[in-house]
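Enquirer:
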Amino acid sequence: MSSLAKVLIANRGEIAVRVIRTCRKMGLRTVAVFSDADANSPHVRLADESYHLGPSNPLKSYLNLDRLAEAIEKTKADLVHPGYGFLAENAEFAKMVTRLGATWVGPPGDLMDKLASKTYSRKMAREAGIPIIPGTLEPISAHELEQVAHQIGFPMLIKPDRGGGGKGTKLIKSPEELTTEAFSSAAREAQYGFGRPDLYVERLLEKPRHIEVQVIADGSGNVYALGERECTIQRRYQKIIEEAPSPVISDRDRLHIYDLAKRYAGKIGYVNAGTVEMLRDSSGEFYFLEMNKRIQVEHPVTELTTGLDIVELQLRVALGEELPLKTDMKPVGHAIECRIYAEDPKTFMPSPGKITEFSAQQDGFTRLDHALEPGIIIPPYYDPLIAKAISYGDTREVSRIRMVEYLKNLRIEGVKTNIPFLTALLGSRNFIEGDFYTNWVNEVLENGGFNISS
Amino acid sequence: MAEVVAPIPGLVARVTVKEGDSVKPGDTVVVLNVMKTEVNVQSESPGVVKEIRVKEWDEVDIGTVLVVLDSKG
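If you read the sequences in order, they're chains L and Z. The letter at position 212 of the first sequence is residue 211 when you use numbering that gives the first Met the number 0, and the numbering goes up by one with no holes. The letter at position 26 of the second sequence is residue 25 when you use numbering that gives the first Met the number 0, and the numbering goes up by one with no holes.
(1) Roughly how many angstroms lie between the CA atoms of L:K238 and Z:S70, to the nearest whole one?
(2) Classify L:E88: buried if its beta carbon has 16 or more other beta carbons within 10 angstroms, exposed otherwise.
(3) Does the beta carbon of Z:K54 sit closer than 8 Å to a beta carbon anywhere in chain B?
(4) Please classify L:G162: does DSSP put it in a helix, a strand, or coil?
(5) CB-CB under 7 Å to L:P207, same chain, minus the five flanking residues each way: which ones, in chain order?
(6) Compare the Cα-Cα distances from L:K117 to each of L:W103, L:P138, L:G128 and L:A127 and report the closest residue.
(7) Rounded to the nearest angstrom, what separates L:V32 and L:A38 at their Cα positions?
(8) Between L:Q313, L:L64 and L:S120, which has its C-alpha nearest L:M95's C-alpha?
(9) Of all Cβ atoms in chain Z, is any one closer than 8 Å to the Cβ of L:S40?
(10) Express the C-alpha separation of L:Y199 and L:G426 in angstroms, rounding to a whole number.
(11) If you scan the stretch 281-353 of chain L from start to end, which runs of the beta strand (DSSP E) of 3 or more residues do you find wholly inside it?
(12) Any chance the stretch 250-265 of chain L sits against the stretch 8-17 of chain Z, with 3 or more Cβ pairs inside 8 Å?
(13) Could you please tell me which residues of the stretch 36-60 of chain L, in chain order, have their CB closer than 9 Å to any CB of chain Z?
(14) Please classify L:M111: does DSSP put it in a helix, a strand, or coil?
(15) Considering only the alpha carbon of each residue, which of L:L421, L:R293 and L:T365 lies closest to L:L110?
(16) For the beta strand (DSSP E) that L:V270 lies in, which residues bound it at each end?
(17) Can you tell me where the beta strand (DSSP E) holding L:T365 begins and where it ends?
(18) Using the Cα positions of L:N417 and L:M402, report the straight-line distance between them to the nearest angstrom.
(19) Would you grab the beta carbon distance between L:K5 and L:D77 for me? Rounded to a whole angstrom, and I think it's under 8 Å.
(20) In terms of alpha-carbon separation, which member of L:I8, L:E432 and L:P54 lies closest to L:K75?
(21) Using 8 Å as the threshold, is the C-beta distance between Z:V40 and Z:V48 below it?
(22) List, in chain order, every chain L residue whose beta-carbon is nearer than 7 Å to that of Z:G25.
(23) Under 9 Å Cβ-Cβ, which residues of chain L neighbour Z:V16?
(24) Is DSSP giving L:E72 helix, strand or coil here?
(25) What residues in the stretch 357-386 of chain L have a beta carbon less than 7 Å from any beta carbon of chain Z?
(26) Give me the Cα-Cα distance between L:G53 and L:T365, rounded to the nearest whole angstrom.
(27) If you scan the stretch 224-256 of chain L from start to end, which runs of the beta strand (DSSP E) of 3 or more residues do you find wholly inside it?
(28) Tell whether a beta-carbon distance below 8 Å holds between L:Y380 and L:P57.
(29) So the alpha helix (DSSP H) L:F430 belongs to, where does it begin and stop?
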């Protein structure tokens, strides 16, 4: 079926454009879906066919299962690629796609369902012999809190069992802060944000780094690691700059975490592309965090350092084809990704609006993933991520300098962007030396901020 | 009469006042969701909420009237 197969991309913006490009390369036909706000977006024009989902409000379009079911049926799509965000990790959507007779480009819905629980994921990691952050393996009740907390130690976090992005997470620094009120307010936020009040607790690691391993599993028992990514540069749990390889880990650590990631994927019977996220504490120990069950925003740094097209691998697995791989891959050279957000570089206030000017200088070493062109409107209804610049060099420093130069020549006018903030980060001593941890950007911003010239 | 208008386009995440409520300058009357970030829209003048023109998940543009205040209060 593969040469005539039709792929519906249940997403918008840069990732929809990026998935369509790989489909074309593979000779697959494409269907774009869109909301009112995106009627003139590049992804709609690039695709072979398009389907209007509904109003701009994402609940009525990109998150609307009924409308998506209609789109899949009416266009007779054979496969559905969810991209990232929106419904990419929604087990109901994955199951619906399968029920409609189409192929989900991702792991099976029932596995996604189970892995949505952090405590289940932690239990699986522990059974596979992978270190987990000290904490509970089951959701706990308010009256168990005190006893559990004293076993784990302070500082600790109360976290929603299903959730993410730091929402509903409560930091408990000392026994005095361990109140019933702290617990019940976290439970309310979990219920409101994620539909369930279940909470668990976990020790807070000292100045950790976020390092993750990309894996691909073909469904016949073969799992390959495709290198690691360092994603420690974050602001309020949002990644800003990612790179491959990690500038701090040794080759021995590298092979060790690839082994952990593959062991976890094998243990849970994972299929398709996924990412095992880990934290590395200040003493250099690695701990399992969770597995992301989708293509990630930062996948291009892996592509530039391995020469692979991860979307192509995803589609091959979904089509039941053999993977063009025989072994694990390690990053060669160094790639850095900067996420370009439509926001004020100093206040971080969102900045929707019309793009009046857009131009980028080709240097042969930097890739720009985007859905921009002069005249299009960046709507206020969706994520502020409008483009990703990914630079490559033989060394980290060459890659960094190329990125700084590239951003200097990148013109995006009409909306404010965080480019001056990215440039300041890239030029900071800590970034240059690779000396940072997940809360570093937040701490600098609380203490006077970066030296931003704009 | 004073109007509180949207300073930025977005979706109405929630209305935080009811008709008849008294508001002071700086009080949040509506929370907008702009690119997944919550932006508080505050009243610039004091008054009593006379009319609420939007509801949750409405799409609003810059200048859309959200709330009308009776400034006699």
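Note that the Cβ used here is the ideal one computed from N, Cα and C, for glycine as well. For clarity, every value in this text was computed on a predicted model and none was experimentally measured.
Expert: This is what the structure gives:
(1) Linking L:K238 to Z:S70 through their CA atoms gives a straight-line distance of about 45 Å.
(2) buried
(3) Absence of chain B from the displayed structure is noted, the protein chains being L and Z.
(4) coil
(5) Around L:P207: L278, R279, D280, Y436 and T437.
(6) L:P138
(7) So the alpha carbons of these two residues sit roughly 9 Å apart.
(8) Distance check between L:M95 and each of L:Q313, L:L64 and L:S120 places L:L64 closest, using alpha-carbon atoms only.
(9) no
(10) 39 Å
(11) 285-291 and 333-340
(12) no
(13) A36, P54, S55, N56, P57, L58 and K59
(14) helix
(15) L:R293
(16) Where L:V270 is concerned, there is no enclosing beta strand (DSSP E), given that its DSSP letter is neither H nor E.
(17) T365 to H369
(18) 14 Å
(19) For a cut-off of 8 Å, the C-beta gap from L:K5 to L:D77 is around 5 Å, short enough to register as a contact.
(20) Selected option, being the one with the closest Cα: L:I8.
(21) The answer is no: Cβ separation not under 8 Å.
(22) Within chain L, no residue comes near Z:G25; the closest Cβ sits about 18 Å away, beyond 7 Å.
(23) Chain L residues near Z:V16: none, gap ~20 Å exceeds 9 Å.
(24) helix
(25) P379, Y380, Y381, D382 and P383
(26) 36 Å
(27) If one requires a minimum length of 3 residues, the beta strand (DSSP E) runs lying completely within the stretch 224-256 of chain L are 237-243, in chain order.
(28) yes
(29) According to the DSSP assignment, L:F430 belongs to the alpha helix (DSSP H) that extends over R428 to E432.
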